Structures are given as C-alpha cells and as structure tokens.
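Residue numbers (the numbering used here), protein chains in the order written: chain L, 6 to 219; chain Y, 4 to 620. Where is the CB? At the ideal position from N, CA and C, for every residue including glycine. Model, not experiment: these values are computed from the prediction.
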Amino acid sequence: MDVHFCPQCSQILTISRHGDYFAFLGIPRKLNLDAADLEQRFRALSRQFHPDYFYNATPIERRASLERSSYLNDAYRTLKNPVARVEYLLGLEGFSARGAEEATEGAAKVPAKLLEEVFALNEELDEVRDLRTSGAAPEVWRAKLERARAPIEAKQTAHEAELTELSARWDALGTDVGADGCERSAILSALRDCVLERNYINNLLEGIERELAQ
Amino acid sequence: MTKVVGIDLGTTNSLVAYVKDGVPVVIRDRGGDALLPSVVSVAEDQTVYVGREAERRLLTDPGRTVYSVKRFMGKGVHDVGDEARLFPFRLAGDPGGIVKIGLGSREFTAPEISAFILRELKHRAESFFAEQGEVDADVDRAVITVPAYFNDAQRTATRDAGRIAGLDVLRIINEPTAASLAYGLDKRHAGLIAVYDFGGGTFDISILRVEDGVFQVLSTNGDTHLGGDDIDLLLMKQVLADQDVRLKPDTTYEGRASEVVSGFSRTGGEIQAIRQAVIQAKLDLSDADETEIRVGSYRKRITRAEFDALIRPIVDRTLEPCRQALADAELEASQIDEVVLVGGSTRIPLVRRLVGELFGRTPHSELNPDEVVALGAAVQADILMTGNREMLLLDVTPLSLGIETMGGVMSKIILRNSTIPATGSEMFTTFVDNQTAVDIHVLQGERELVADNRSLARFKLRGIPGMPAGMPRVQVQFQIDANGILSVTARELRTDVEQTIEVKPSYGLTDDEHAEADFDARLLIEARNEAETVIRATEKSLRSPEFPGIAKSELGAGERERIDAALAGLKTVLNGPDREAIKTGTHALNESTQHLAEVMMNRSVHAALSGKSIDQL
Numbered sequence: 006m007d008v009h010f011c012p013q014c015s016q017i018l019t020i021s022r023h024g025d026y027f028a029f030l031g032i033p034r035k036l037n038l039d040a041a042d043l044e045q046r047f048r049a050l051s052r053q054f055h056p057d058y059f060y061n062a063t064p065i066e067r068r069a070s071l072e073r074s075s076y077l078n079d080a081y082r083t084l085k086n087p088v089a090r091v092e093y094l095l096g097l098e099g100f101s102a103r104g105a106e107e108a109t110e111g112a113a114k115v116p117a118k119l120l121e122e123v124f125a126l127n128e129e130l131d132e133v134r135d136l137r138t139s140g141a142a143p144e145v146w147r148a149k150l151e152r153a154r155a156p157i158e159a160k161q162t163a164h165e166a167e168l169t170e171l172s173a174r175w176d177a178l179g180t181d182v183g184a185d186g187c188e189r190s191a192i193l194s195a196l197r198d199c200v201l202e203r204n205y206i207n208n209l210l211e212g213i214e215r216e217l218a219q
Numbered sequence: 004m005t006k007v008v009g010i011d012l013g014t015t016n017s018l019v020a021y022v023k024d025g026v027p028v029v030i031r032d033r034g035g036d037a038l039l040p041s042v043v044s045v046a047e048d049q050t051v052y053v054g055r056e057a058e059r060r061l062l063t064d065p066g067r068t069v070y071s072v073k074r075f076m077g078k079g080v081h082d083v084g085d086e087a088r089l090f091p092f093r094l095a096g097d098p099g100g101i102v103k104i105g106l107g108s109r110e111f112t113a114p115e116i117s118a119f120i121l122r123e124l125k126h127r128a129e130s131f132f133a134e135q136g137e138v139d140a141d142v143d144r145a146v147i148t149v150p151a152y153f154n155d156a157q158r159t160a161t162r163d164a165g166r167i168a169g170l171d172v173l174r175i176i177n178e179p180t181a182a183s184l185a186y187g188l189d190k191r192h193a194g195l196i197a198v199y200d201f202g203g204g205t206f207d208i209s210i211l212r213v214e215d216g217v218f219q220v221l222s223t224n225g226d227t228h229l230g231g232d233d234i235d236l237l238l239m240k241q242v243l244a245d246q247d248v249r250l251k252p253d254t255t256y257e258g259r260a261s262e263v264v265s266g267f268s269r270t271g272g273e274i275q276a277i278r279q280a281v282i283q284a285k286l287d288l289s290d291a292d293e294t295e296i297r298v299g300s301y302r303k304r305i306t307r308a309e310f311d312a313l314i315r316p317i318v319d320r321t322l323e324p325c326r327q328a329l330a331d332a333e334l335e336a337s338q339i340d341e342v343v344l345v346g347g348s349t350r351i352p353l354v355r356r357l358v359g360e361l362f363g364r365t366p367h368s369e370l371n372p373d374e375v376v377a378l379g380a381a382v383q384a385d386i387l388m389t390g391n392r393e394m395l396l397l398d399v400t401p402l403s404l405g406i407e408t409m410g411g412v413m414s415k416i417i418l419r420n421s422t423i424p425a426t427g428s429e430m431f432t433t434f435v436d437n438q439t440a441v442d443i444h445v446l447q448g449e450r451e452l453v454a455d456n457r458s459l460a461r462f463k464l465r466g467i468p469g470m471p472a473g474m475p476r477v478q479v480q481f482q483i484d485a486n487g488i489l490s491v492t493a494r495e496l497r498t499d500v501e502q503t504i505e506v507k508p509s510y511g512l513t514d515d516e517h518a519e520a521d522f523d524a525r526l527l528i529e530a531r532n533e534a535e536t537v538i539r540a541t542e543k544s545l546r547s548p549e550f551p552g553i554a555k556s557e558l559g560a561g562e563r564e565r566i567d568a569a570l571a572g573l574k575t576v577l578n579g580p581d582r583e584a585i586k587t588g589t590h591a592l593n594e595s596t597q598h599l600a601e602v603m604m605n606r607s608v609h610a611a612l613s614g615k616s617i618d619q620l
C-alpha cells in the first residue's frame, strides 16, 4: 500500500514515480477484482485527496492533491475495466501487448492461422461490397456475412473463456516470484497473446457488423 | 472575513446564493425577487442596465439590449447560425475570431456582457450582507456554474467573465451536478440519480451514483444549444408567418437582416413584443389547456395540444442524449432510482411526460427548478472554503480530448466521461529526418476527423535536436483540473525539451455525432497514408546509388517504364476523393516494384552475410 500522507506531519505527499495503480489503491495485483471493494476504496481515497479539500492549503499541497487525485482517477478508470486491467498488468510485468505489436521482432506473434483468417475475411468483405454495388439482392450478401460471422463469434466466446481461465491461474499464483517464475511468464505470455488476438477478432466482427448495417 | 457565494449564470435568469448555518439560501433583491433576468442594456449615454430594467428596454431600445448572451460564450463568428436574424442586437467580430456583440457604437465580448450580470449579482449579495449587519460584506469569491456539456472554450469564457467582474472564481462546476448536491442535502440515501436539466438555452443530462456522501458523476451528455429559447423562436416564427398572411407582406423592404423575418418588415422592438407575448403564452400553457397570444391588436388562440405538437421535435432532441448517457454509464433506464428535473423548461407538461416515460418513473421536482442550481453552487463554495468533508462532488469531462495525428485524424488522449481531475499522455515522433519542431494541435470532441472537432489550441514544440525520422520521443501530457479546464505539456524525452501551454480558445465547429461519414473519411486518409508510404519507398529505391547497376544487370525490358507509369498513375489519384482508385493505384505500384524490391533485398542480405556494405558491392 502506498503512503499518501507524511506519517509525522500528516501533510499530503507529492506522488512518487515508482508506484503502480494496484499499490496505490492498496489491492493485490490480481485480475479478478471485487468491484464493490474497488468502488469503496476509490471513494475513500477521493475523500482524502480531492482538490476541494486543499483549496486553502499551500501551493505544494495543492499540487500534490491534484496529482494524487488525477492518478487515483486514472487508476480507478483503468482497473475498473477488465480488458484495460489485463493490459495494464501486462505492461507492469514487462509483457506489454502494445509494444510487442509494434516491435518488428516481438516475442508475441499473432498466429499465422488467425492472420490467414483475417485476410480471407477481408477478401470476403470485398466480395460482399462488389455484390452490393453491382446491385445484388440484400439476402444474397447478407447470408454470406452471416455465414462468415458464426465461426468468428465462436472464436470470441472461446477467447473470453480462455481469458477467464488464464486470469484465474494468474490469481492463483503466489506472490512469491522465484518459485513460479516459469509458470508466471508462461501465463503472462499467454495472456498477452490472448489480448492481441482479441483485438483482431473484435476488428473482424466490427467489420462484419459495419457491412451488415449497410 | 469576506463572503463567498454560488452563482447560477443562466441563459434567461441568473441567481446568487450563500450558505447560512449549513443551509443554502437564495439571495433576493429588495423587491423579493430571486431571479435576475440575464439581460444587459447599454444606453446611449453609456449607462448600463441589468435585469428587469434592461428587460423593459428590450421594447424601447432593442438595438442596445442583449439577452441570452450565454449562447455566445466561447463561440466563434462561424458558430453563430441563422438565429442571429431574430436577435435585436448586432453580432460582429472578425472572421475566424470570437463573436462580438455590438450595442450602439461599442462592441463587447460575451464574457464582458456576462460580467455585467455577475457584477449585478455581486452588488445584490453585498447589499444583502450589509443589511444583515455583517462587518465585512464584500463578496470577492464565487463558485459559478456552467452546463455540463460546455466545452473548454465555454468554461474558460465563463471563468474570464468572473475575473472581469472582479470575482475570484473558486471553481467552475456543472449545473446538473450542482443541482444534485442541493437535492442530496436533506435526503442522504444512496442510489442512481438522473438529473435532466432543460434551461433557457442549454440541455444537460447527468447520471450520478450517490453513496457515502460522494456524488459521483458516471456520465454526462447534452446540447449546449437547445433550450426554451428554441421553443420561443418556433412560436415567434409561427406568429410572424401568421401575421404575414393576415397583413400584406412587404417584399420590397431591404433593411437590416435582423429586422426582416419572413416577408414582412418589423422593427426590433416589434419583434421583442412578439417574443414576450409568446413567452407569456408558453408559461400560461404550463397550467392552462388553452391560451391566447396577444401582440397589439393581434390575437391568436393556441391549445396545449397544438403547442405540444409544435414543440415535440425540440423535446425529442433531448431524449437521445439521455439514452447515450445511460449507455455510457452502462445502465438501463429502469435502474435509475430517481429522476430530478432542473431548469425552467421542465415546467412544460410535455417535457415531464416524455422524461417520465423514458425513465419509467415520475420525475422529482420538490425544489424550485430555477433555484436549485444556485443552491448547489453555494454548497460547493462552502465546501471549498471550510474544507467540510461531509460531501464530495466527483465530476467528469463531458467531451474527449486529444491531438491531431498524421492525416488529419484525432487521437484521443482523455476519453469523455473520465472522472476529473484526470491526466493522459501519448508518445509521438517525427515524420521526416532532422525535424526540429513538432506542431501540437489540441482538440475536443467525439468525431474521428480533426476538421469535425473543436480546435482548442495550437502550439509548436521547438528545439528538438536533429535526429532521423522516428527517433525523437515526444510525450504530450494532458491535465484536466477540477474545473474541467485543460493544460497541455509537450516534452521531448531524449533531450528534455519542454513546453507548457494554457489552452486559449481558438474556434472550430460544433460537435454532433456523424460516426458513419467519419469512418469513410478515415478510410480515405488511411489509403492516402499507405499510398504515400509506397511512393516514398519507391522513389527512395530509384534514387539509391545502387539502382543504376541493378537496372542494367537485373531489370527486365520495360520494367523501369512500368514502375514509372504506376508511380505517375498513383500520384494523379492520390489527392482525389476516390479511395478505391487510390487502393488500386497503390496495389499496381506495389506489383510493379515487387521484382525490384526482391533484387534489392537479396543484395542487402548478401551484403550483410558477406560483411560488406551495399556500396562496396
């Protein structure tokens, strides 16, 4: 748990650059959070830091209050959202999904099979567009889209399940880093792949939805 | 000690309140009136009238009298639509600049006019405190409310108005949130609350969770240009059209635009007389089933049913923001525990009925909808001054904030409905070699394209040392304070070059939602970006020192010509609107250079394996 106020003089402290959202809120680095507990901690800390209560304080305290409140709000917003929470945890543990995607030779790779599916679907979407512009009956290309959607939706469901399972495995690990080092990085790396693939799957589904809405 | 007050600076009326022994009270004038009409008149001898007296002058000196000035706060000249025709005062200002209001020979900004109203409220409060026998009756600090959906420019303009009036603006808070604070005082139970605030010129909806004395806004939405004024305009246009049918229309008149509506010419005073008559009829219809619009000898009966049918489209426009706010809060209408009505326009029976239907429950209106915002502002002022921790307001930013990135696309840094204060940052880099400055364009809004969002500020981060493109790491950091006002810092991390700006209004467009059109435009930009990348890569290969050698020994007959043709072809369609043509052209260029790329790739692989540089081959 972070120290927010000076133990001696109880003055609000400027924020340190080394903390993280979990420590700031005083909760363990787990993926299944008790939502009510998070809300309750957020409100309690808001009552301690909010700039409203430092209006007449010194400039340093006012600045510290603004910084702590902003950080608290950012932390709350990130941890409240399950996907943002996983992505944040991966970043903390050095398994950033975003970084891997950008790096030319990242450890994380989107499976070739998924990429193939992306290409295949994009071709299919092109065909649907052609059909539409050439004046084909809506039932024809709609049926095509519906057929393409079913397997991707199944994949999405499977992914949600995998994410839940991996999260549970992560949470079951002890805080002892040394003992489960191997398993730790195995889970994290699987989580990262899961998050990456999830983005692809969501984009695919969005593409289909957009065509269907035409 | 000097006094602090809460001020509701409204489109139609303004109020001031303070907290006495823990209870907020509205301060009335000597005649017992709580509402100060937000009307300012500057007479020919430069005497300034505010309130009731100014309102009377709308009939006698309309060209020197301004009302609904809130509609122009933080607005640019381009933002003012055709409603300007019905205002008796002159709207001026330089193209691309802020709106000015011309009264006689003088021009005022909207914050300057608002400052007259604030100063009047300050004086009202000071004489009230003096009469109460306070030793120090001076009022120099205030909390001022704004519509929740006000953007950064409108908030800044409101803060400026306070400063011009000689007030230290402790805090800018949102009207619906202020109202919830006033409501939450006596009933301390927890729950989900929807505040529907339909005033003279603006509409807001806020969804809040109240628990442990914390008033947490979950989402907010609205329209800063939708209110009772629009209903009045609708009725006015009906009366004007009706009169034109009855009287002979004068089609030859070529006077000032503001004096000509439909085909018939009227003076500003006549238009104001019609405005006051239709407002009276509107008020009558809140209780009566039928009334009469009376202007001079003109009479017209109007029933509640006719009125409802006429205004239905306006009221309907408030419902979509309500649905959006619920969706953003991830709630169903049925989960809302209480609906609170704020603002004079919620006295209209049709409004009450439709809001009731949307949320499936009868809305609350125990507190006076005109006074509840000022009361809440007073409570907030008291919290700030005393540090009283019984209650806490946690508000959100109504609109997303971000910056312009390549191709005219907005990259969002802080999303709408983020609890404030909030921060956000994003890393950017340079696009060409040895670029020493980066333009930062700060935007607010929900649309994909820069041009469709509000431009808040532009600045340049200079002094970046020359580095290859893509090397510098420019971090842009946003900070929204508890007033909802933004400051931006840009820093190049490798060298620590830094620049901070206070965001000053620059003026852009309105912020409606047009996701579909945005998406197409975005795809076009992406296609162009891709095409440009391929063009650059091709040209770079053609220029490279090894190209002549490759052309001689490895390229087939006509290959160079095919590349040149594809290159020229893509360049002709590049800046056109046809995305498919750009994609086809990009594809063709890629095809034509495929062999060349393979040859060059083989050479560099070979060079790397043999430990020689390409030049040595």
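Quick check on the burial criterion: 16 or more other C-beta atoms within 10 angstroms. Buried or exposed for residue i?
i	result
residue 536 of chain Y	exposed
residue 305 of chain Y	buried
residue 150 of chain Y	buried
residue 302 of chain Y	exposed
residue 233 of chain Y	buried
residue 164 of chain Y	buried
residue 14 of chain L	exposed
residue 597 of chain Y	exposed
residue 375 of chain Y	buried
residue 646 of chain Y	This structure cannot settle anything about residue 646 of chain Y, because the visible part of chain Y is limited to 4 through 620.
residue 79 of chain Y	buried
residue 124 of chain L	exposed
So is residue i in contact with chain L if we call contact Cβ pairs under 9 Å?
i	result
residue 517 of chain Y	Low confidence applies here, because residue 517 of chain Y scores a pLDDT of 35, under 50, leaving its location unreliable and the question unanswered by this model.
residue 174 of chain Y	yes
residue 477 of chain Y	no
residue 327 of chain Y	no
Any beta carbon of chain Y sitting closer than 9 Å to that of residue i?
i	result
residue 81 of chain L	yes
residue 228 of chain L	Nothing about residue 228 of chain L can be reported from this structure: the residues present for chain L run from 6 to 219 only.
residue 2 of chain L	As displayed, chain L neither begins before 6 nor continues past 219, which places residue 2 of chain L out of reach and without an answer.
residue 207 of chain L	no
residue 136 of chain L	no
residue 204 of chain L	no
residue 15 of chain L	no
residue 26 of chain L	no
residue 189 of chain L	no
residue 60 of chain L	yes
residue 223 of chain L	Nothing about residue 223 of chain L can be reported from this structure: the residues present for chain L run from 6 to 219 only.
Put residue i into one of helix, strand or coil per three-state DSSP.
i	result
residue 227 of chain Y	coil
residue 10 of chain L	strand
residue 470 of chain Y	coil
residue 83 of chain Y	coil
residue 77 of chain L	helix
residue 170 of chain L	helix
residue 481 of chain Y	strand
residue 465 of chain Y	coil
Would you kindly check if the distance between the Cβ of residue j and the Cβ of residue i is under 9 Å?
i	j	result
residue 130 of chain L	residue 186 of chain L	no
residue 416 of chain Y	residue 324 of chain Y	no
residue 171 of chain Y	residue 143 of chain Y	yes
residue 82 of chain L	residue 328 of chain Y	no
residue 174 of chain Y	residue 420 of chain Y	no
Inter-stretch contact (C-beta, 8 Å, three-pair minimum) for the region 213 to 231 of chain Y and the region 394 to 408 of chain Y
yes
At a Cβ cut of 8 Å, what residues of the region 385 to 399 of chain Y count as close to chain B, listed as they run along the chain?
Looking for chain B here will not work: the only protein chains present are L and Y.
Is there contact here, the region 153 to 167 of chain L with the region 203 to 218 of chain L, by at least three beta-carbon pairs under 8 Å?
yes
Taking three-plus beta-carbon pairs below 8 Å as touching, is the region 88 to 98 of chain Y in contact with the region 64 to 79 of chain Y?
yes
Meets three-Cβ-pair contact criterion under 8 Å: the region 237 to 246 of chain Y and the region 271 to 282 of chain Y:
yes
Would the region 531 to 546 of chain Y and the region 588 to 604 of chain Y be scored as touching if the rule is three or more Cβ pairs under 8 Å?
yes
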